[in-house]
Amino acid sequence: MKPADCVELGHGRWIPKHAISFEAIRASGPGGQHVNKVATAVRMRVVLEHVKGLNAQSRQRLVVLLGKRAKEGIAMLRSGSSRSPQTNRRIAIKRFADLVHAAASPPAERKPTTPSRSSVRKRLSDKKHHSAKKRQRGERDFET
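Residues in the sequence shown are numbered consecutively from 1033, following the numbering used here.
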């Protein structure tokens, strides 16, 4: 059951608002003087232990998916694609929700396959061709 002061991440997963902090930072890229004066990009910090609805394996996968963006149990995501800080906040939350969803779904099992007959035939044919080419290089008779 999700309390009222939480951010919904979808699929029964949520995080309390006190575990998320936002910081307005200057965005990079074009924009001239405006981009140097206004802090429209957003850096979001999330305390990972407060994410509800994840088991231990999913939590580990989330840390792996975050990579360098996760340090000491805190995830840091940056969004600066919009000119509006509010939109950048929504984008950052959406990105985090997508990462949580990807971590919650287990990776697909790889089904072992065997090479097709035609691919084996082609590989062997290529090997024979290459071998013949190299053999031909060494069969020079300079005494005639």
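For each residue, glycine too, the CB sits at the ideal point set by N, CA and C.
For clarity, every value in this text was computed on a predicted model and none was experimentally measured.
{"Check": "Excluding the 5 residues flanking leucine 1080 on each side, which residues of the same chain have their C-beta closer than 6 Å to its C-beta?", "Outcome": "Gly1105 and Ala1107"}
{"Check": "Determine the direct distance from the alpha carbon of serine 1090 to that of serine 1114, and round the result to whole angstroms.", "Outcome": "30 Å"}
{"Check": "Can you tell me the Cβ-Cβ gap for alanine 1051 and valine 1078, rounded? I've got them flagged as a contact below 8 Å.", "Outcome": "6 Å"}
{"Check": "Considering only the beta carbon of each residue, do tryptophan 1046 and glycine 1099 sit closer than 9 Å?", "Outcome": "no"}
{"Check": "Is glycine 1099 helix, strand or coil by DSSP?", "Outcome": "helix"}
{"Check": "Roughly how far, in whole angstroms, is the beta-carbon of histidine 1133 from the beta-carbon of glycine 1042, given that I think they are within contact range, below 8 Å?", "Outcome": "6 Å"}
{"Check": "Please classify valine 1083 as buried or exposed, where buried requires at least 16 other C-beta atoms within 10 Å of its C-beta.", "Outcome": "buried"}
{"Check": "Between the Cα of alanine 1088 and the Cα atoms of Ala1136, Pro1062 and Arg1058, which residue gives the shortest distance?", "Outcome": "Ala1136"}
{"Check": "List the endpoints of the continuous alpha helix (DSSP H) containing glycine 1170.", "Outcome": "1149 to 1170"}
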